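Read the structure below first, then the notes.
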Amino acid sequence: MTLLDRYIFRSALFACLAAIGVFAFVVAAVNIIRDLIGPVMAGQLSTPIIIRLVLLTIPYVISYALPLGMLTGILLTLSRLSADNEITAMRATGVSVGRIAMPVLILGAMGALVGLPINFESMPKAKVQYEREFTEAIRSNPLNFIVPKTFIYDFPGFVIYVGGREKNELRDTWIWTLDSQKRAWVVSHANSGHIAFDDKSFELILTLRDVQAETMNAKAPESYRLHPPNVEVFERSDPTHLPLAQMFSRQMRAPKLPWLTYEELRAEQARRIAAPVGPGQAKEHARSVMEVNLAIMEKFTMALAALSFAIIGVPLGIKVSRRETSANLGIAASLAVSYYFLTVAAGWIDRRPDLRPDLLIWIPNLIILAVGVGLYRRLDRR
């Protein structure tokens, strides 16, 4: 590798790493806000657990940030070289576009090779471990679902408000019992109460003391004037069972296909192929097998996208010849959105195995490769 090759490679490498870091941070922030902000605010996650969960998101976000970061970094590097007339100087000395592109294409190939183990090994393992540790962290302290001075909507059929809490003892507690249309038909207020966790049934058991309960008309709970509520006072209420199974469903459900490693996907593929096919079940069997095939191919295409974006990034970066980061980011975002949309669109027809969505999912890469080669050839003739 010549000095020029090393210069271009090093410039593109640093730009790609920075871009991948930026996009990984954005994707990670979205996942952290979605999953962790609520439990963190409720005090359900300790600092070490939060750090551990954030680290486990890295392989997951890298699998998506890698192709986009490669494209953005290459566009930024080549457009800067073009704007500084360094590309013009190289070509004036007889260096072809192909020679200029070689270090970038090597970098793109390296990105694709890195993406394969991330997509097939690191990301699935980290994602499964993330789900397991997140659920265990919540499960280890279930009483923290009861957050004082907060309206709690986590339990189906109830809205709960607790004015204060000292360990298992509650005070100034309100419970709105909802009907199927989510209308409050029983409103209970208690001066004090007790909360306990039943680890066998995964339930919080809430017992209220000094309770006043207003029961509305079941058909028209909002018609206070036409149907005045029935008011009752209790020294102690019957236990209210608040199920937590829905909270822990993430751990109880089987891992999704994208969360399986390559060996696990192949084993699942073989299992589904060997499954007995009853009368009239041929289409369902073919669809089941196609789901696994599509998951495998999607991981391959996501890794190859790093090389595809590198190929199209060369002529675009040289042709744009602008320093403005916004222009390069706009091009990168447009290409990435188009690519991901076409990839998702191929997945929409997973129920039509006769259309071979596992092959159609390669079309976005083939389009980008064809456009990139076409732009490169036009640029090389100039």
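Taken in order, the sequence shown gives residues 43 to 424; the numbers are from our numbering. Think of the CB as a built atom: it goes at the ideal place given N, C-alpha and C, for glycine as much as any other residue. Predicted, not measured: the structure shown is a model, and the values here were computed from it.
Under DSSP, the beta-bridge partners assigned to I237 are L248. In the structure shown, A262 adopts coil according to DSSP, grouped into three states. Taking C-beta separations shorter than 6 Å and ignoring five residues to either side along the sequence, the partners of L417 in its chain run P357, following chain order.
The DSSP-derived three-state label of A255 is strand.
In the three-state reduction of the DSSP assignment, D77 falls in the helix class, which pools H, G and I. Burial of N335 is indicated by the presence of at least 16 other C-beta atoms within 10 angstroms of its C-beta. The three-state reading of DSSP puts H283 in strand, counting E and B together.
In terms of Cα proximity to P184, the closest of P81, A324 and R52 is P81. A226 is not a Cβ neighbour of T215, given a cutoff of 8 Å. With fewer than three CB-CB distances shorter than 8 Å, the segment 191-211 does not count as touching the segment 370-385. A387 and L78 have their C-alpha atoms spaced approximately 30 Å apart.
Partner residues in the beta bridge of W218, as assigned by DSSP, are V201 and V229. Here DSSP, grouped into helix, strand and coil, assigns I188 to coil. Note that the C-beta distance between G235 and L250 is below 8 Å.
In the three-state reduction of the DSSP assignment, G414 falls in the helix class.
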